[in-house]
Amino acid sequence: MDRFDLSFLQLRFLDIIDIILVAVIIYYVYNLIRGTIAVNIVLGLIIIYLVYIVTEQLKMQLLSHILGGFVSVGFLALIIVFQQEIRRFLLLIGKNAALHRNKLWKTFLPGNKEQENINEPAIKHIIDACKTMQHSRTGALIVFAKFFDDQYYQNTGEPIDAYISKRLIETIFKKNSPLHDGAMVISEGKIKCASCILPVSDNIKLPAQFGLRHRAGIGITEMSDAVAIIVSEETGQLAYAKQGRVRMDVNYNDLEEMLTRDI
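The UniProt record's numbering puts the first residue of the sequence shown at 1, with every later residue one more than the last.
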């Protein structure tokens with residue numbers, strides 16, 4: 001009763017679940033390496049493995065022995081070559097799981113509604129600061145983290161833990177400020193830290209004119225649930241990054257709508 005007869009094969013219900021789970025894993029792995037140099041490495045490994053199978057079948061002993069050496073250490077090689085992607089995958093799973101646990105716990109706490117809306121009054125301060133920095137062409141990178149990991153962010157920057165204000169944001173990103181380099185991280189309605197060094201995206205499809213500020217803003221959204229605002233120092237253009245994708249030349253109305261939706 002727990003089998004599906006397809007004439008040429010028989011599938012149990014658990015086999016179908018197994019296939020679905022593998023498909024989900026492949027989908028997430030593909031999303032992590034899509035557009036990066038890791039795609040070319042994966043294709044190279046697949047080609048080597050296919051050639052190895054062919055040489056085994058054709059009894060080409062010398063070539064088969066050489067390729068077999070690569071295949072035998074394949075698992076260790078994958079860990080070394082894809083250590084950044086594996087770290088990103090595990091970090092994404094861990095952060096999302098912790099975020100969902102945190103949300104579930106907060107639903108039973110009193111005053112939860114006020115905590116969820118704490119960012120809404122601050123949006124105007126953020127947009128006003130972006131307007132000023134855009135007009136003065138002051139480079140800025142503001143990251144909004146739903147799940148704040150103080151060890152992950154503060155270890156590379158300076159802790160602030162201050163309420164959001166237009167003047168404070170502008171002061172931090174002033175060119176003569178010691179904190180203007182790096183990213184400002186906002187979470188739980190506060191500016192948690194500034195001058196943070198973020199992982200840079202290695203997406204080979206990004207435009208060549210993107211500098212470290214844009215690549216860092218995109219990179220943090222690739223490996224976490226964060227979103228980022230980037231103000232270009234060269235053009236003053238506003239950009240908005242989410243889930244590894246960036247939207248350029250954002251106007252203030254759209255920025256307000258996206259911030260209200262995402263934070």
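For each residue, glycine too, the CB sits at the ideal point set by N, CA and C. Bear in mind that the values here come from a model prediction, so they are computed numbers and not experimental data.
Own chain residues within Cβ distance below 8 Å of residue i, not counting five before or after
{"i": "K174", "result": "T138, H180"}
{"i": "L255", "result": "I127, C130, I229, L238, Y240"}
Residues bridged to residue i [DSSP beta-bridge criterion]
{"i": "residue 268", "result": "The question about residue 268 has no answer, for the chain in this structure spans 1 to 263."}
{"i": "E158", "result": "A194"}
{"i": "V71", "result": "For V71, which the question treats as bridged, DSSP gives no partner whatsoever."}
{"i": "M248", "result": "A239"}
{"i": "Y163", "result": "K190"}
Candidates the options: closest to residue i by CA position
{"i": "R261", "options": "R247, V227, R245, L168", "result": "V227"}
{"i": "V143", "options": "M184, T171, S136, Q57", "result": "M184"}
{"i": "S136", "options": "Y30, K190, T235", "result": "T235"}
{"i": "T221", "options": "K124, A77, N31, Y52", "result": "N31"}
{"i": "M133", "options": "I172, P207, P178", "result": "I172"}
{"i": "R245", "options": "E170, G74, G217, Y252", "result": "G217"}
{"i": "K166", "options": "I53, I123, D249, M258", "result": "I123"}
{"i": "F75", "options": "M60, L45, Q57", "result": "L45"}
{"i": "I186", "options": "I164, P207, N176", "result": "I164"}
{"i": "I191", "options": "H125, M60, L58, L78", "result": "H125"}
{"i": "V250", "options": "I20, S72, S232", "result": "S232"}
{"i": "A140", "options": "F148, N253, P121, L168", "result": "L168"}
Short CB-CB distance (under 8 Å) between residue i and chain B
{"i": "L62", "result": "This model lacks chain B altogether; it includes just one protein chain."}
Same chain, Cβ closer than 7 Å to residue i, five either side skipped, listed in chain order
{"i": "T55", "result": "L63, S64, L67"}
{"i": "F70", "result": "I48"}
{"i": "L212", "result": "V200"}
{"i": "D15", "result": "none"}
{"i": "I41", "result": "V81"}
{"i": "G219", "result": "L198, P199, V200, S201"}
{"i": "V51", "result": "L67"}
Close Cβ partners of residue i (< 6 Å) along its chain, the five nearest in sequence each way excluded
{"i": "H214", "result": "I230"}
{"i": "D225", "result": "K146"}
Residue i: CB within 7 Å of a non-hydrogen atom of the ligand GTP
{"i": "Q243", "result": "Here there are no bound small molecules, and the ligand GTP is not part of this structure."}
Q. Counting only runs that start and end within the region 10-47, where is the beta strand (DSSP E) found for 3 or more residues in a row?
A. Fully enclosed beta strand (DSSP E) runs of 3 or longer: 10-12.
Q.
Taking contact to mean 3 or more Cβ pairs, one atom from each stretch, closer than 8 Å, check whether the region 155-167 and the region 188-198 are in contact.
A. Between the region 155-167 and the region 188-198, the count of C-beta pairs closer than 8 Å reaches three or more; the two stretches touch.
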